[in-house]
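Engineer:
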Amino acid sequence: MPIIEMHLMEGRTVEQKRAVAQAVTEAVTRSLGVKHDSVRILITEHGDEEFFVGGMNMAQRAAAQRAAAEEQQ
């Protein structure tokens with residue numbers, strides 16, 4: 001029983017999450033030769049204050065990227 005765990009930033013619609021779950025299920029069933037009913041997908045959503053890259057949360061990264069873009073202008 002494959003269990004797929006996805007971590008996404010908040011903001012995706014229900015339709016988008018359903019679409020990606022369906023696409024991943026199809027890929028797993030094709031590549032592993034398992035039944036659709038055996039595929040489990042867990043989606044965990046994270047807000048800007050809960051996801052860090054390089055020691056900065058997403059809100060901080062967005063602010064830094066805006067500042068860098070303004071400097072280049």
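Just so we're aligned, residue 1 is where the sequence shown starts under the UniProt record's numbering, counting upward by one.
Idealized CB from N, CA, C, for every residue including glycine.
Please classify threonine 25: is it buried, with 16 or more other beta-carbons within 10 angstroms of its beta-carbon, or exposed?
Structural biologist: Under this definition threonine 25 is a buried residue.
Engineer: Since valine 28 contacts valine 34 with CB under 8 Å, what's their CB separation in whole angstroms?
Structural biologist: Their Cβ separation, rounded to whole angstroms, is 7 Å, which keeps valine 28 and valine 34 in contact under 8 Å.
Engineer: If you draw a straight line from the alpha carbon of glutamate 50 to that of arginine 66, how long is it in whole angstroms?
Structural biologist: Using only the alpha carbons, I get a separation of about 20 Å.
Engineer: What residue range does the beta strand (DSSP E) around arginine 40 cover?
Structural biologist: That run of the beta strand (DSSP E) goes 40-46.
Engineer: Alpha carbon to alpha carbon, what distance is there between valine 39 and leucine 8?
Structural biologist: Using only the alpha carbons, I get a separation of about 19 Å.
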